[in-house]
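Here my numbering is used: the first residue of the sequence shown is 628, the next is one more, and so on. All C-beta atoms in this analysis are idealised placements derived from N, C-alpha and C, irrespective of residue type, glycine included. Step one of this worksheet: look at the structure below.
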Amino acid sequence: MDYPRPCGCKGCRTCLLCEKEYGINKKDFMAKYQELKPYVFCYKCEKLVPGWDVDEVLKNHDNHLNGLDFPGIFVLPDFISESEEIELMRGIDGMPWDISQSGRRKQNFGPKTNFKKMKLQTGQFRGFPAFSQFVQERFNTVPLLKAYQTIEQCSLEYDPLRGASIDPHIDDCWIWGERVVTVNCLSDSVLTLAPYNGDSKRYNIFLVDSYQKHLISPLAQSQFEDILVRIPMPRRSLIVLYGSPRYQWEHSVLREDIQQRRVCIAYREFTPNYLDGSNELAEEVLRRARQFFSTAEIDSFSR
628 MDYPRPCGCK
638 GCRTCLLCEK
648 EYGINKKDFM
658 AKYQELKPYV
668 FCYKCEKLVP
678 GWDVDEVLKN
688 HDNHLNGLDF
698 PGIFVLPDFI
708 SESEEIELMR
718 GIDGMPWDIS
728 QSGRRKQNFG
738 PKTNFKKMKL
748 QTGQFRGFPA
758 FSQFVQERFN
768 TVPLLKAYQT
778 IEQCSLEYDP
788 LRGASIDPHI
798 DDCWIWGERV
808 VTVNCLSDSV
818 LTLAPYNGDS
828 KRYNIFLVDS
838 YQKHLISPLA
848 QSQFEDILVR
858 IPMPRRSLIV
868 LYGSPRYQWE
878 HSVLREDIQQ
888 RRVCIAYREF
898 TPNYLDGSNE
908 LAEEVLRRAR
918 QFFSTAEIDS
928 FSR
C-alpha cells in the first residue's frame, strides 16, 4: 500500500488505525532487536550498562562499576522547567497539527528539502513561533551546542492510542548537520539505537566523507556490532546525538516505549558544506531562521 492512507501512513509505515482497517502487519522490530545484546546509556555516568529497562538501570546507577564508553550521546535532564513546559505546550497545541506517518502528528518549520534529489528551497519558511524562542536561546548555555543555528524545528506528537512510533532511521546526511537535537515533553520515553551496516547511499551517508574533518567526534570502525543501545529520554530533557551514534547507528522510538502522550521538538542544523557562506540559498535560509513570528501572526501563517 504505497499510497497515503487516511491516517497519514503509507508504504511500510503503519499505525493501529490502518493496521486494524486494512489488516496490515506492522514490522516487528522487537523480534529483530532480540538478536542484539541490550545496553542502557546511563546519562548519570555516561556509560553503557547491560540491560533493557532504562528505569531499572538508572535506579542502580551507584552500582555501575564497569560501564562501556560510548561517546556521541548527551542527555541533560530538566532542560526546561515544569512551567516552561506548560507554556510551550500551550503554544504548540494552539497551532494546527498535520497528520504524519506511524501514528504521529507534526508541526514543521523549515525549508523544503528533497533528500533523493538533494534540492533545497526556502518555500514558505519564515522562521519559528515566538513562544519557542527561549528554547533555542538556551542552547547557548550548552557547550556542546556552541554556534548551533537551527534551520528546522519540528514538533512531533506520539499518541499511544494510535500506536505511534518512528521506524529505525538515520537523519539525512546531505542537509542536516552532525548535532541532532531533541527536547522531550509530557512524558518519559526511550530512544533505541541499532548499528547500521547498509548501503552508504541510503540517508546520503556517503557525503559525510566530504565534511568529516569538521565533526565534533571523529568516526571510526565501531567496536559494537552486536549490541542495542537504549537511551532514556526523561520528560523536559535535552537529548543530543553526534559522532558515531548519529551517523553509524539507526535510531527509533518503539511503540512499546510510548505509554502516554509525548511531544518532542526536534532541531536540525546545516551540514558544514552549507555554512561556508558560498551558497546564497543557504544564506537566505539562515536569515529566515533567525526570525520568530508572534502568536498574532499564526492564523495567517501558511507552512
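Can you give me the Cβ contacts of residue i inside the same chain, cut-off strictly under 6 Å, excluding the 5 residues immediately before and after it?
{"i": "C636", "result": "C642, C645 and Q728"}
{"i": "S929", "result": "With a pLDDT of 44 at S929, under the threshold of 50, the predicted position of this residue should be treated as unreliable, though the coordinate-derived value follows. Q751."}
{"i": "D815", "result": "P861 and R862"}
{"i": "V808", "result": "V867 and Y894"}
{"i": "M758", "result": "Checking the displayed sequence, the identity of residue 758 turns out to be Phe instead of Met. So the list reads G718, once near-sequence residues are dropped."}
{"i": "C634", "result": "C642, L644 and C645"}
{"i": "Q763", "result": "T777"}
Residue i and residue j: beta carbons closer than 7 Å?
{"i": "C672", "j": "G694", "result": "yes"}
{"i": "S935", "j": "V880", "result": "Lying before the first or after the last residue shown, residue 935 is absent from the chain, which here runs from 628 to 930."}
{"i": "W801", "j": "L834", "result": "yes"}
{"i": "K733", "j": "D720", "result": "no"}
{"i": "P822", "j": "W876", "result": "yes"}
{"i": "N811", "j": "S864", "result": "yes"}
{"i": "L663", "j": "L855", "result": "yes"}
{"i": "I843", "j": "Y874", "result": "no"}
{"i": "R640", "j": "G790", "result": "no"}
{"i": "F742", "j": "D826", "result": "no"}
{"i": "H878", "j": "L783", "result": "no"}
In the DSSP assignment, find the unbroken beta strand (DSSP E) run with residue i in it and report its ends.
{"i": "V856", "result": "I854 to M860"}
{"i": "V684", "result": "Where V684 is concerned, there is no enclosing beta strand (DSSP E), although the alpha helix (DSSP H) it sits in stretches over V681 to K686."}
{"i": "F758", "result": "Element bounds for F758: n/a, residue is neither H nor E."}
{"i": "V666", "result": "What sits at residue 666 in the sequence shown is Tyr, not Val. Counting along the chain, the beta strand (DSSP E) containing Y666 begins and ends at K664 to C669."}
{"i": "Y874", "result": "Y874 -> not in any beta strand (DSSP E); alpha helix (DSSP H) instead, spanning G870 to Y874."}
{"i": "F736", "result": "R731 to F736"}
{"i": "P723", "result": "Unbroken run through P723: none, as it is neither H nor E."}
{"i": "Q751", "result": "Where Q751 is concerned, there is no enclosing beta strand (DSSP E), given that its DSSP letter is neither H nor E."}
{"i": "K637", "result": "No beta strand (DSSP E) contains K637, which DSSP labels as neither H nor E."}
{"i": "V702", "result": "I700 to L703"}
{"i": "H796", "result": "I793 to H796"}
{"i": "K828", "result": "Where K828 is concerned, there is no enclosing beta strand (DSSP E), given that its DSSP letter is neither H nor E."}
{"i": "K773", "result": "Counting along the chain, K773 falls outside any beta strand (DSSP E), and DSSP gives it neither H nor E."}
May I ask which residues mark the beginning and end of the alpha helix (DSSP H) holding residue i?
{"i": "K653", "result": "Taken as a continuous stretch (DSSP letters only), K653 belongs to no alpha helix (DSSP H), as it is neither H nor E."}
{"i": "I719", "result": "E709 to D720"}
{"i": "A909", "result": "E907 to A916"}
Taking the alpha-carbon of residue i as reference, which of the options has the nearest alpha-carbon?
{"i": "K739", "options": "R915, F919, S921 and P770", "result": "R915"}
{"i": "F701", "options": "P795, K653, S905 and F766", "result": "F766"}
{"i": "I892", "options": "Y670, F706, P665 and D682", "result": "F706"}
{"i": "K840", "options": "P899, V856, R895 and E877", "result": "P899"}
{"i": "R888", "options": "P859, D786 and S905", "result": "D786"}
{"i": "V817", "options": "S708, D826 and P665", "result": "P665"}
{"i": "N735", "options": "F761, C669, C781 and N690", "result": "C781"}
{"i": "P704", "options": "P677, G870, N687 and P859", "result": "P859"}
{"i": "M745", "options": "G730, C639, R731 and Y830", "result": "Y830"}
{"i": "N690", "options": "M722, S871 and P677", "result": "P677"}
{"i": "E805", "options": "L783, Y660, D836 and I885", "result": "D836"}
{"i": "Q661", "options": "D853, I885 and D884", "result": "D853"}
{"i": "I797", "options": "A847, F755, P872 and R731", "result": "P872"}
{"i": "I832", "options": "L846, V769 and L820", "result": "L846"}
{"i": "K686", "options": "Q760, S710 and V667", "result": "V667"}
{"i": "E648", "options": "H688, D655, K654 and R632", "result": "R632"}
{"i": "F851", "options": "K659, F761 and L675", "result": "L675"}
{"i": "Q848", "options": "K773, F697 and H688", "result": "F697"}
For residue i, I'd like the list of residues in its chain whose CB is within less than 7 Å of its CB, leaving aside the five on either flank, ordered along the chain.
{"i": "N824", "result": "none"}
{"i": "E910", "result": "G904"}
{"i": "D682", "result": "none"}
{"i": "D884", "result": "S816 and V817"}
Near residue i, which residues of its chain fall below 8 Å by C-beta distance, leaving aside the five closest residues on each side in sequence?
{"i": "R753", "result": "R915, Q918, F920 and F928"}
{"i": "I778", "result": "G737, P738, R895, E896, F897, V912, L913 and A916"}
{"i": "L813", "result": "E712, M716, R862, Q887, R888, R889 and V890"}
{"i": "Y838", "result": "T898, P899 and N900"}
{"i": "L771", "result": "F701, R806, I843, V867 and Y869"}
{"i": "F755", "result": "F736, Q763, T777, Q780, A916, Q918, F919 and F920"}
{"i": "T749", "result": "P738, K739, L908, E911, V912 and R915"}
{"i": "M657", "result": "L881 and E883"}
{"i": "L788", "result": "L643"}
Would you say residue i faces chain C, with C-beta separation under 7 Å as the test?
{"i": "C639", "result": "In the structure shown, chain C cannot be found, because there is only a single protein chain."}
So what does residue i bridge to, in DSSP terms?
{"i": "W803", "result": "F897"}
{"i": "S843", "result": "According to the sequence shown, residue 843 is Ile rather than Ser. For I843, which the question treats as bridged, DSSP gives no partner whatsoever."}
{"i": "R889", "result": "Y785"}
{"i": "S932", "result": "As shown, the chain starts at 628 and ends at 930. That puts residue 932 outside it, with no answer to give."}
{"i": "V808", "result": "V867 and Y894"}
{"i": "H878", "result": "H796 and L820"}
{"i": "T740", "result": "L747"}
{"i": "P677", "result": "Y666"}
Using 6 Å as the cut-off, classify the Cβ of residue i as near or not near the heavy atoms of the ligand GDP, replying yes or no.
{"i": "F752", "result": "Absent from the structure shown: the ligand GDP. Ligands present: none."}
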